[in-house]
Amino acid sequence: MRDAGKAVEYAAELARPLDAELVLLSAFENEVDPSDSKSEAQWAHDKAAVIRELLSRTEAELRGKGIRCSTAVDEEDPADVLVPLAEERDADLLVIGNKGMKRRLLGSVPNSVTHKAGCAVMVVKTA
């Protein structure tokens, strides 16, 4: 999530003068198999809780700077979540980081999103 912080910084810099609303989304595939041990399932639950807490703190920080924002956490493939969310919110721009997203069969998450999105996509070099 550290790399995503850089993308959030860029998005906030763009949003502030435009009075645009940011939606902070963290999407990740929960790779816990139902047959996995209870401790692995608990780890996945804890991961989601940590992400929610981090997003909540980031939202509060941005609101303190006068930026309108909301948060969402989804336990699905990021490429499958970002485009529908952008369409649902009638987004003008998606800002995503280029690192921290594992390679997919057909390419990276930023590559997939840029091809499927109906709005502009800004890929931030995060590392």
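Throughout, this note's numbering is defined as the position within the sequence shown, counted from one, plus 28. For glycine and all other residues, C-beta sits at the position ideal for the given N, C-alpha and C.
Item: By DSSP, does Ser136 sit in helix, in strand, or in coil?; Value: coil
Item: With distances taken between CB atoms, is the gap from Val51 to Ser98 smaller than 9 Å?; Value: yes
Item: Look up Ala148 in the DSSP assignment and say whether it is helix, strand or coil.; Value: strand
Item: Would you kindly work out how many angstroms separate the C-alpha atoms of Lys127 and Ala155, rounded to a whole number?; Value: 7 Å
Item: DSSP state of Ile79, grouped into three classes?; Value: helix
Item: How many angstroms separate the CA atom of Leu42 from the CA atom of Ala100?; Value: 20 Å
Item: Between the C-alpha atoms of Leu133 and Leu90, what's the straight-line distance to the nearest angstrom?; Value: Here Leu133 scores only 46 on pLDDT, less than 50, and its place in the model is too uncertain to base an answer on.
Item: Would you list the residues sitting across from Ile124 in a DSSP beta bridge?; Value: Val151
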